[in-house]
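Worksheet: one structure, shown below.
Protein chains: 2
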Amino acid sequence: MKLALIGFGRVGRAFARLLHAQRAAYPFRITGILTARHGAAVDERGLDPDPVLRLPSPSLEEFLDRSKAEVMVEVTPLDPLTGEPAISHIRAAFARRMHVVTANKGPIAHAWQALKREAEAAGVQFRFEATVMDGAPVFNLVRYSLPAVRILGFTGVLNSTTTVVIEAMERGCTLEEGVEQARRLGITEADARYDLDGWDAAAKTAALANVLMDANVTPLQIPTKGIARLTPERLAELNRKGKTVRLVSRARRTARGISLRVRAEVLPRTDPLALARGTSNLLLLRTDLMRTVGVLSLEPGVEQTAYGLFSDVVAIAREA
Amino acid sequence: MKLALIGFGRVGRAFARLLHAQRAAYPFRITGILTARHGAAVDERGLDPDPVLRLPSPSLEEFLDRSKAEVMVEVTPLDPLTGEPAISHIRAAFARRMHVVTANKGPIAHAWQALKREAEAAGVQFRFEATVMDGAPVFNLVRYSLPAVRILGFTGVLNSTTTVVIEAMERGCTLEEGVEQARRLGITEADARYDLDGWDAAAKTAALANVLMDANVTPLQIPTKGIARLTPERLAELNRKGKTVRLVSRARRTARGISLRVRAEVLPRTDPLALARGTSNLLLLRTDLMRTVGVLSLEPGVEQTAYGLFSDVVAIAREA
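Listed below in structure tokens is the structure:
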């Protein structure tokens, strides 16, 4: 199966390395890589995992046509306010009857209903396992392993930058030093305020609510309060009481629709949500038939996000 | 799709109720129920969820033939020392080219390799999601959502009777009173010593290791130490240090093979494993490509075990 990559940053490169390592069992090849500023490469026979990119880049449309790919893999950076340009990229792929796999949560946070319909109309698959839990199974878990289940709500710690910053402040660092530590782990959005102010978590919350609960919301509609006002002093005081803070996403069905929020919450250290340490993520899905099922991903990194993309490509190969 | 139930205790009855509730979307019908002591019922048009059983019971073979079922659902009680008679029941179904779904961990703890081969030779499916985590996705999670992943090891709190007993003793009850509380929750094996001495956990550990790591072991080969010697005094002393105890299953690949053990372990209250409270289960899978992925099931009951069976039947209907 032939793949075209849009974006070639840390996730894209990790994905190319993973495909190379798995090539004996999974004969996928990357036939094109397009970046916004560093050029592009196209070779229908397959590019090697560290290809030479050349300027100028063609247009997205021209690139997709030349790649002859069956799957577009979208790994451009998130714009949590609009979901663009990723949404337009995805539509260009659908127009060419290409399946789409993305690690960018913007599209499903902003335009899930429309993109779902458009994928169905084009007869292609649209997958996004890497968007919310850095590759740990969430969407595929519900789709394949929880048949007939209705998701009544969820609670999660989905943004790891804030956890890393909180833990750094608990060790006495400033917020800025904490952000620097998160940046060195390579987990921070290009603009760290997106993490600290809760935009990344709000985008993930909207993505989950849209796909799993038909919420039809955008991140802009989710009441969101980040950790920007948290101080080392406040955390030290909480610590003495056996408590900590996490940026928590919550969703539940109410009589008036789906209630969503993202907020820095004070938690006992023995709370399941406090289990999310370092870059770890935790999501608890409240269901009708299976009560509460949780997924935990311990200390994922960029290789795990790449694995999320890979697991989607494998699913497409299996079903297409 | 027609189903034959072997056993009709709490899990079997919950399963029959669940099928009845889901009948509009999932048109499965139970065409036979066989019990060891309470008789049997067969009706090819489908039994109602609370059927009248009549004595004498036919032989298993005669019953399966008369049921005309496509799937045998095995929910007899566990014998952790041998896996029988469930293993023989399963072989009788394979001989009739029936798929098998079981909630009994004995067969995969004692005879996974052989049963897997026999199912393949018969061209039928053999499924057992309800055996280890009371219905939460584990085997199906790995099968459908973690392609190419190698399981390097696991850690889990898989027996909930011991957790309930430990928590009761932490409240000052005796071990016997704790067992009584677990029994009232309906989670205890027919013989509570199987839980307290770690046999149930050892059977689950062998089941996971056999299926996910090709371990080819039986529960008898796993060094197992239960909670029978634990006292309320010892737990109170640990509690003052912020610690608790759980019956923990551990597996890891070593140079000399797969190392397995089940043991009551002292844990800080902030340890992920200490998160398993009440009937909750937690399993952390250590993998090559996805680091550590955990599955958590909060306070499952008999309805969730029934759901595990149901999810397997749905998977068979989808693939058969």
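Protein chains in written order, with this note's numbering: chain A, 1 to 320; chain B, 1001 to 1320.
Just so it is clear, CB atoms sit at the ideal spot from N, CA and C, and this is done for glycine as well.
These numbers come from a predicted model, not from an experiment.
### Message
When you compare the CB positions of B:Gly-1156 and B:Ser-1249, do they come within less than 8 Å of one another, or not?
### Response
Contact flag set, yes.
### Task
Classify A:Asp-200 as buried or exposed, calling it buried when 16 or more other Cβ atoms lie within 10 Å of its own Cβ.
A:Asp-200 comes out buried.
### Task
Give the interface partners of B:Pro-1272 over in chain A, defined as CB-CB distance under 7 Å, in chain order.
Result: Leu-275.
### Query
By DSSP, does A:Phe-28 sit in helix, in strand, or in coil?
The answer is coil: DSSP assigns A:Phe-28 none of H, G, I, E or B.
### Task
Could you tell me the distance, in whole angstroms, from the CA atom of A:Lys-2 to the CA atom of A:Val-314?
Going from the Cα of A:Lys-2 to the Cα of A:Val-314 covers about 12 Å.
### Query
Are the region 292 to 306 of chain A and the region 1296 to 1307 of chain B touching, with three or more C-beta to C-beta distances below 8 Å?
A contact exists between the region 292 to 306 of chain A and the region 1296 to 1307 of chain B.
### Query
Would you call B:Thr-1254 buried or exposed, if buried means 16 or more other Cβ atoms sit within 10 Å of its Cβ?
With fewer than 16 other Cβ atoms within 10 Å, it is exposed.
### Task
Could you please tell me which residues of the region 1009 to 1033 of chain B, in chain order, have their CB closer than 8 Å to any CB of chain A?
Within the region 1009 to 1033 of chain B, Leu-1018, Gln-1022, Ala-1025, Tyr-1026 place their CB atoms closer than 8 Å to a CB of chain A, listed in sequence order.
### Query
Leaving out five residues before and five after B:Thr-1161 in sequence, what residues of the same chain have Cβ atoms less than 8 Å from its Cβ?
Here the set comprises Val-1179, Ala-1182, Ile-1187, Thr-1188, Glu-1189, Ala-1192, Asp-1195, Leu-1196, Asp-1200.
### Task
Please name the residue in B:Thr-1231, B:Ile-1258, B:Ala-1148, B:His-1038 whose C-alpha comes closest to that of B:Asp-1214.
For the set B:Thr-1231, B:Ile-1258, B:Ala-1148, B:His-1038, the Cα lying nearest the Cα of B:Asp-1214 is the one of B:Ile-1258.
### Task
List the whole-angstrom C-beta distance separating B:Lys-1243 from B:Val-1266, where the pair is believed to meet the contact cut-off of C-beta under 8 Å.
Sure, about 5 Å apart at Cβ, within 8 Å.
### Task
Determine whether the Cβ of A:Arg-269 lies closer than 8 Å to any Cβ atom of chain B.
Yes, its Cβ sits closer than 8 Å to a Cβ of chain B.
### Query
Are the region 95 to 112 of chain A and the region 120 to 131 of chain A in contact at 8 Å, needing three or more beta carbon pairs?
Enough Cβ pairs lie closer than 8 Å, so yes.
### Query
Can a CB atom of chain A be found closer than 8 Å to the CB of B:Gly-1172?
Chain A contact via Cβ: absent.
### Task
Measuring only between beta-carbons, confirm whether B:Gln-1125 sits less than 8 Å from chain A.
With 8 Å as the cut-off, B:Gln-1125 does not count as an interface residue toward chain A.
### Query
CB-CB under 8 Å to B:Val-1217, same chain, minus the five flanking residues each way: which ones, in chain order?
Within its own chain, the residues whose Cβ lies closer than 8 Å to the Cβ of B:Val-1217, once the five positions on either side in sequence are excluded, are Ala-1206, Ala-1209, Asn-1210, Ile-1258, Leu-1260, listed in chain order.
### Message
Alpha carbons only, please: which of B:Ala-1021, B:Ala-1317, B:Ala-1274 is nearest the one belonging to B:Thr-1163?
### Response
It is B:Ala-1274.
### Query
Going by alpha carbons, who is nearest to B:Ala-1228 out of B:Pro-1219, B:Leu-1238, B:Met-1169, B:Ile-1033?
With distances taken between Cα atoms, B:Ala-1228 lies closest to B:Met-1169.
### Query
If you count every other CB in all the chains shown that lies within 10 Å of the CB of A:Arg-127, and 16 or more means buried, which is it?
Flag for A:Arg-127 reads buried.
### Task
Return no unless some Cβ of chain A is closer than 8 Å to the Cβ of B:Pro-1330.
Outside the displayed range of chain B (1001 to 1320) lies residue 1330 of chain B, so it cannot be described from this structure.
### Query
In its own chain, which residues sit with a C-beta less than 8 Å from the C-beta of B:Leu-1235, not counting the 5 before and 5 after it?
Taking B:Leu-1235 as the centre and dropping the five residues before and after it, the same chain places the C-beta of Ile-1166, Met-1169, Glu-1170, Thr-1244, Val-1245 closer than 8 Å to its C-beta, in chain order.
### Task
Look up B:Leu-1099 in the DSSP assignment and say whether it is helix, strand or coil.
The question names Leu, but residue 1099 of chain B is His in the sequence shown. B:His-1099 falls in the strand class under three-state DSSP.
### Task
Using the DSSP secondary-structure output, state which residues sit across from B:Arg-1006 in a beta bridge.
As written in the sequence, residue 1006 of chain B is Ile, which differs from the Arg given in the question. Note: B:Ile-1006 sits in a beta bridge opposite B:Leu-1034, B:Glu-1074.
### Query
What does A:Phe-154 pair with, by DSSP beta-bridge criteria?
According to DSSP, which records beta bridges pairwise, A:Phe-154 is partnered with A:Ala-251, A:Leu-285.
### Query
Are any of the Cβ atoms in chain A nearer than 8 Å to that of B:Glu-1074?
No, B:Glu-1074 lies away from the interface with chain A (no Cβ there is under 8 Å from its Cβ).
#### Entry: Identity of the residues DSSP links to A:Phe-126 by a beta bridge
Answer by DSSP bridge pairing, in chain order: A:Val-100.
### Task
Starting from B:Gln-1304, find everything on chain A with Cβ-Cβ shorter than 7 Å and list it in chain order.
Neighbours of B:Gln-1304 across chain A, judged by C-beta separation under 7 Å: Met-290, Arg-291.
### Task
Express the C-alpha separation of B:Glu-1177 and B:Thr-1230 in angstroms, rounding to a whole number.
Checking the sequence shown, residue 1230 of chain B turns out to be Leu, not Thr. Here the alpha carbon of B:Leu-1230 sits roughly 13 Å from the alpha carbon of B:Glu-1177.
### Task
Within the region 1184 to 1240 of chain B, note down every full alpha helix (DSSP H) run reaching 4 residues or more, in order along the chain.
As far as the region 1184 to 1240 of chain B is concerned, its whole alpha helix (DSSP H) runs of at least 4 residues are 1193 to 1196, 1199 to 1213, 1232 to 1240.
### Query
Does B:Leu-1146 come within less than 8 Å of chain A when only Cβ atoms are used?
Answer yes: the Cβ-Cβ gap between B:Leu-1146 and chain A drops below 8 Å somewhere.
### Query
How is the beta strand (DSSP E) around B:Ser-1297 delimited, first residue to last?
Here the beta strand (DSSP E) through B:Ser-1297 covers 1292 to 1298.
### Query
Would you say the region 127 to 143 of chain A touches the region 1014 to 1029 of chain B, given that touching needs at least three Cβ pairs under 8 Å?
They do not touch, by the three-pair rule.
#### Entry: Secondary structure of A:Lys-243, DSSP reduced to three states
Here A:Lys-243 sits in strand by DSSP.
### Task
Identify the continuous alpha helix (DSSP H) that holds A:Ala-69 and give its terminal residues.
Premise fails: A:Ala-69 is in no alpha helix (DSSP H) and is neither H nor E.
#### Entry: A:Thr-31 beta carbon less than 8 Å from that of A:Ala-92
The answer is no: Cβ separation not under 8 Å.
### Query
Would B:Leu-1212 be called buried (16 or more neighbouring beta carbons within 10 Å of its own) or exposed?
So B:Leu-1212 counts as buried.
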